[in-house]
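Trainee:
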Amino acid sequence: MINKVVAGADEAIKDINDGQTLMLGGFGLCGIPENCIAALVKKGVKDLTCIANNAGVDDFGIGLMLQTRQVKKMISSYVGENAEFERQLLSGELEVELIPQGTLATRCLAAGYGMPAIFTPAGVGTEVAEGKEVRNFNGKDYLMEYAFDADFALVKAWKGDTAGNLIFRSTSRNFNPVMAMAGKTTIAEVEELVEAGELDPDQIHTPGVYVHRIFQGKAYEKRIEQRTVRSKA
Numbered sequence: 000m001i002n003k004v005v006a007g008a009d010e011a012i013k014d015i016n017d018g019q020t021l022m023l024g025g026f027g028l029c030g031i032p033e034n035c036i037a038a039l040v041k042k043g044v045k046d047l048t049c050i051a052n053n054a055g056v057d058d059f060g061i062g063l064m065l066q067t068r069q070v071k072k073m074i075s076s077y078v079g080e081n082a083e084f085e086r087q088l089l090s091g092e093l094e095v096e097l098i099p100q101g102t103l104a105t106r107c108l109a110a111g112y113g114m115p116a117i118f119t120p121a122g123v124g125t126e127v128a129e130g131k132e133v134r135n136f137n138g139k140d141y142l143m144e145y146a147f148d149a150d151f152a153l154v155k156a157w158k159g160d161t162a163g164n165l166i167f168r169s170t171s172r173n174f175n176p177v178m179a180m181a182g183k184t185t186i187a188e189v190e191e192l193v194e195a196g197e198l199d200p201d202q203i204h205t206p207g208v209y210v211h212r213i214f215q216g217k218a219y220e221k222r223i224e225q226r227t228v229r230s231k232a
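This is the structure we're talking about:
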């Protein structure tokens with residue numbers, strides 16, 4: 000077996016270069032690859048195209064990369080919590096492609112399955128459909144959307160083993176598993192790394208065949224995007 004384990008985030012992202020396309024897993028601030036993002040900021044790569052459900056917040060997640068002007072284009076479905084994102088979008092500094100959330104997930108899935116494109120009813124008759132092929136199946140119109148073509152997928156799992164098998168928890172399963180399948184090179188950071196054979200096979204969400212590098216992360220903040228608490232009354 001090829002040794003997939005690397006020492007940390009700096010080594011894991013060492014061959015990510017300017018102008019490449021990255022998938023970044025997570026949902027809101029849940030299950031995002033915090034260590035890899037910090038390493039990318041430290042490395043200073045720029046002109047990146049980032050595919051992610053959202054763009055983080057101003058001082059966390061992809062928001063850190065926006066602050067340092069490392070992102071050329073965002074492909075995402077929800078961006079409402081990031082003032083710097085809004086500023087760059089309105090000023091023309093940042094190219095943005097907003098797509099329906101289900102379409103985002105399915106284009107990742109298609110890439111993982113080796114499918115060139117999908118057909119979806121989402122976006123028909125809206126700005127999303129401009130310039131895209133529309134086909135009619137059984138009396139209903141569908142948009143053709145291409146599978147993503149990402150150089151790297153950066154994902155974060157709760158637990159993994161040295162063979163690259165991954166287990167995700169709760170909301171972090173929304174995009175991490177499909178993105179792990181879809182990158183030409185998939186880098187996984189995990190909270191706990193164990194030896195191959197220690198994970199229950201029935202609990203594994205992403206098999207190691209999709210993962211090229213894995214490391215045990217550290218100092219996870221796990222921020223809450225919008226904290227809602229009950230009053231003391």
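Letter by letter, the sequence shown follows residues 0 to 232 in numbering that gives the first Met the number 0. For every residue, glycine included, the Cβ atom is placed at its ideal position computed from N, Cα and C. This structure is a prediction, so every number in the text was calculated from the model and none was measured.
Using only alpha-carbon positions, find the residue among V228, V40, A109 and G79 that is nearest to T67.
Mentor: Among V228, V40, A109 and G79, the Cα nearest to that of T67 belongs to V40.
Trainee: With a threshold of 6 Å on Cβ separation, who are the neighbours of L108 within its own chain once the five nearest residues in sequence on each side are excluded?
Mentor: Excluding residues within five positions, the ones whose Cβ falls inside 6 Å are V177.
Trainee: So the alpha helix (DSSP H) R106 belongs to, where does it begin and stop?
Mentor: Here the alpha helix (DSSP H) through R106 covers Q100 to Y112.
Trainee: Between the Cα of D17 and the Cα atoms of G30, I50 and Q69, which residue gives the shortest distance?
Mentor: Nearest of G30, I50 and Q69 to D17, Cα basis: Q69.
Trainee: Using 8 Å as the cut-off, can you tell me whether the region 72–91 makes contact with the region 129–143, which would need three or more C-beta pairs spanning the two stretches below that distance?
Mentor: The answer is no - the region 129–143 does not touch the region 72–91, with fewer than three Cβ pairs under 8 Å.
Trainee: Just how far apart, CA to CA, sit L89 and E197?
Mentor: Roughly 50 Å between the two C-alpha positions.
Trainee: State buried or exposed for E144, treating a residue as buried only when at least 16 other CB atoms are found within 10 Å of its CB.
Mentor: With 16 or more other Cβ atoms within 10 Å, it is buried.
Trainee: By a C-beta neighbour count over all protein chains shown, 10 Å radius and 16 as the cutoff for buried, is D160 buried or exposed?
Mentor: With 16 or more Cβ atoms within 10 Å of its Cβ, D160 is classed as buried.
Trainee: Could you check if M0 is buried or exposed, using at least 16 other CB atoms within 10 Å of its CB as the buried criterion?
Mentor: Here the model assigns M0 a pLDDT of 44, short of 50, so the residue's position is not dependable, and the following value carries that caveat. Under this definition M0 is an exposed residue.
Trainee: On the premise that T184 lies in contact with F151, defined as a C-beta separation below 8 Å, what is that separation, rounded to the nearest angstrom?
Mentor: With a Cβ gap of about 5 Å, F151 and T184 count as contacting.
Trainee: Just checking my contact of A146 with G182 at CB under 8 Å: how many whole Å lie between their CB atoms?
Mentor: In fact, because the Cβ distance is near 12 Å, the residues do not count as touching under 8 Å.
Trainee: With a Cβ-Cβ cutoff of 9 Å, do A6 and E188 count as a contact?
Mentor: Result no, Cβ atoms of A6 and E188 do not sit closer than 9 Å.
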